[in-house]
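Here's the structure we're looking at; comments come further down.
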Amino acid sequence: MDQDPDGARVGLMATRALLLSGDAVRIEVDVAPGAWLDVVEATGTVAYEGDTPSSWTVDADVGDGGVLTWAGMPFVVSDEIATHRGTHIRLHGTGKVLMQEKLVLGRAGQTGGDLTTSLDAYDDTGPLQVEYLDLRRLARQMPGVFGNLRSMDTVTALGWTPEPYGEPDAGTTGPGETYFPLNRSGAALRWMGLGRFRDELCDPTFAAWREDAMHNFRRQRAAQRLRHEAEPGGREDGHVPAGAIMASAAEPNRRARQSGAPSM
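Okay, structure coming up:
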């Protein structure tokens, strides 16, 4: 969708229906050191009814000084399906990740099937965030879990700790939003509510945090270019060739693999 010498904005588009019963979609993302990648989902994803569980897994590796941003569209869990959404992240050096996940239980007129989600994020020191959510039908009806809520929106920043973007008017978007600063470098903002998404904080928070991550990235890259230009034999523009940074983007089999699912 867009690119410069340091990275690219890439759109994800399904060419056929997914997730069908039995589909196992796995997306592998490798951001090279000093590069940026912005993933854009063209549409939401529906986990359709069926007897065989389905899954959606993202496996991301971000190199030193790299930035990965990914604003997910709604992930809808239909009735009579069990599905799992998993995210695995590895950060190296000063790499950063910003992700947004929107979960919806049920299509129109439905209550939704069985959903489990997992997130495990690590840097060179150890775990940054490890989370497992059991939102299966029986579990989410237990006191203090999910009750009659149907939607959840989570914005997660890893590799740095951005501040909350703002506060909505109390009671206007649902039970409310919660900001979680992580023990080390990271933060998460989570909204839960009824029906379709009405939160007024998560989308602008993602936009603000993305601008923060990219501002720091551009500043670091500018400093690197100045140092490189000052070295004997340094390139005038200070860039690694774009083809080297994004070489793996031309190899779709390494980017996205599906087992038993239509091609993307």
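Residue numbers (our numbering): 1 to 264. Beta carbons: idealized from backbone N, C-alpha and C, even for Gly. Predicted, not measured: the structure shown is a model, and the values here were computed from it.
According to DSSP, which residues form a beta bridge with residue i?
i      : result
Thr87  : Val58, Leu119
Phe75  : Thr45, Leu103
Gln129 : Ala121
Glu28  : Asp59
Val67  : Trp36, Lys96
Give me the Cα-Cα distance between residue i and residue j, rounded to the nearest whole angstrom.
i      : j      : result
Arg150 : Leu226 : 50 Å
Glu131 : Pro232 : 48 Å
Val67  : His92  : 11 Å
Leu18  : Ala223 : 44 Å
Gln110 : Arg190 : 23 Å
Pro143 : Met192 : 15 Å
Asp38  : Ile89  : 15 Å
Please classify residue i as buried or exposed, where buried requires at least 16 other C-beta atoms within 10 Å of its C-beta.
i      : result
Phe217 : buried
Arg140 : buried
Asp114 : buried
Thr15  : exposed
Thr205 : buried
Val31  : buried
Leu138 : exposed
Arg221 : buried
Considering Cα atoms alone, identify which of the options is closest to residue i.
i      : options                      : result
Met265 : Gln224, Tyr48, Gly72, Met99  : Absent from the model: residue 265. The displayed extent of the chain is 1 to 264, so no value can be given.
Leu182 : Thr15, Trp56, Pro127         : Pro127
Thr83  : Trp36, Gly112, Ala60         : Gly112
Lys96  : Glu80, Ala35, Gln224, Thr116 : Ala35
Ser118 : Gly144, Pro74, Val58, His92  : Val58
Pro74  : Asp61, Glu101, Ser54         : Glu101
Once the 5 residues before and after residue i are set aside, which same chain residues still bring their CB inside 7 Å of it?
i      : result
Pro162 : Ala187, Trp209, Asp212
Arg184 : Leu128
By Cβ distance, which residues of its chain are closer than 6 Å to residue i, with the 5 residues on each side in sequence left out?
i     : result
Leu98 : Thr69, Ala157, Trp209, Arg210, Ala213
Sorted by chain position, which residues of the same chain lie with C-beta nearer than 8 Å to residue i's C-beta, five sequence neighbours on each side aside?
i      : result
Gly243 : Unreliable positioning characterises Gly243 in this predicted model, as indicated by a pLDDT of 37, which lies under 50. The coordinate reading is nonetheless provided below. Closer than 8 Å at the Cβ level, and outside the excluded window around Gly243, lies no residue.
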